[in-house]
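Take a look at the structure below.
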Amino acid sequence: MYPLFSQLISGLRSFFRLSGNLPGEVAKVPQEPALPNWKTETIPAESFVKVGRIAMCGEGMEIHSDLDDRGFILLNEDIDAVLDGDKRDIRLLELMDKVGFARLSTSGRALNIAIGSVYYTVPLRSVLAVLDGRNRKGAVFVGLEIQCDPGFF
1 MYPLFSQLIS
11 GLRSFFRLSG
21 NLPGEVAKVP
31 QEPALPNWKT
41 ETIPAESFVK
51 VGRIAMCGEG
61 MEIHSDLDDR
71 GFILLNEDID
81 AVLDGDKRDI
91 RLLELMDKVG
101 FARLSTSGRA
111 LNIAIGSVYY
121 TVPLRSVLAV
131 LDGRNRKGAV
141 FVGLEIQCDP
151 GFF
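Following our numbering, the numbering of the sequence shown begins with 1 at its first residue and continues without gaps.
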């Protein structure tokens, strides 16, 4: 019954053009017009897309990508150097030819891998979980807009 009473009082106030609020009634805040120089932009929900995985094997950390059918490997002897901040070679899984480089990101929170013109990144916590044996696999990502030339590293 109280809402009905509140509506009745509000209706009488508007009819007689009286100002003031009932207890529990929220005052209406006047809305300001939108500024003319504001514009709406669509921002992608994800800036990175999962394109592959890493996993440990006997010789090192294998890198498999959906963008490239060839398999890649970061050798065991190079893993510690990369985690210490050095740059090391990424090799083809079968032929052991050098095809790219791996190093830590500037922030130290990801492992960045450049193979050809594709720039992959793996969160460091995923790399460490795979190395420690807590996880069998880790996700490999590529940026939506990021491409680099092989001389980047």
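Cβ coordinates follow ideal geometry from the N, Cα and C atoms, glycine included.
{"Check": "Through-space distance from A129 to N135, alpha-carbon basis", "Outcome": "5 Å"}
{"Check": "Residue environment, M96, which counts as buried when at least 16 other CB atoms sit within 10 Å", "Outcome": "exposed"}
{"Check": "Chain C within 8 Å of F72, Cβ atoms only", "Outcome": "Of the protein chains in the structure, only one exists, and it is not chain C."}
{"Check": "Buried versus exposed call for I43 [16 or more other C-beta atoms within 10 Å across all chains shown]", "Outcome": "Low confidence applies to I43: its pLDDT is 48, below 50, so where it sits in the model is not reliable, and the reading given next is rough at best. Exposed, because fewer than 16 other Cβ atoms sit within 10 Å of the Cβ of I43."}
{"Check": "Cutoff 6 Å; reference Q147; Cβ partners in own chain excluding five residues on either side", "Outcome": "In this prediction, Q147 has a pLDDT of 49, which is less than 50 and means its spatial position is unreliable; what the coordinates show is noted afterwards. Answer for Q147: S117, listed in chain order."}
{"Check": "Straight-line Cα distance separating C57 from Y119", "Outcome": "23 Å"}
{"Check": "Extent of the continuous beta strand (DSSP E) to which S65 belongs", "Outcome": "60-65"}
{"Check": "Distance, A102 Cα to A110 Cα", "Outcome": "10 Å"}
{"Check": "Residues sharing a beta bridge with A110, DSSP", "Outcome": "P123"}
{"Check": "Beta-carbon contacts of T121 that lie in its chain and below 6 Å, excluding the five residues immediately before and after", "Outcome": "A110, N112, F141"}
{"Check": "Spatial neighbours of D66 in its chain, beta-carbon cut-off 7 Å, leaving aside the 5 residues before and after", "Outcome": "V51, G52"}
{"Check": "First and last residue of the uninterrupted beta strand (DSSP E) at L104", "Outcome": "98-104"}
{"Check": "As assigned by DSSP and simplified to three states, the class of D89", "Outcome": "strand"}
{"Check": "Inter-residue spacing [alpha-carbon to alpha-carbon] between D86 and L75", "Outcome": "14 Å"}
{"Check": "G138 classed as buried or exposed, judged by whether at least 16 other C-beta atoms fall within 10 angstroms", "Outcome": "buried"}
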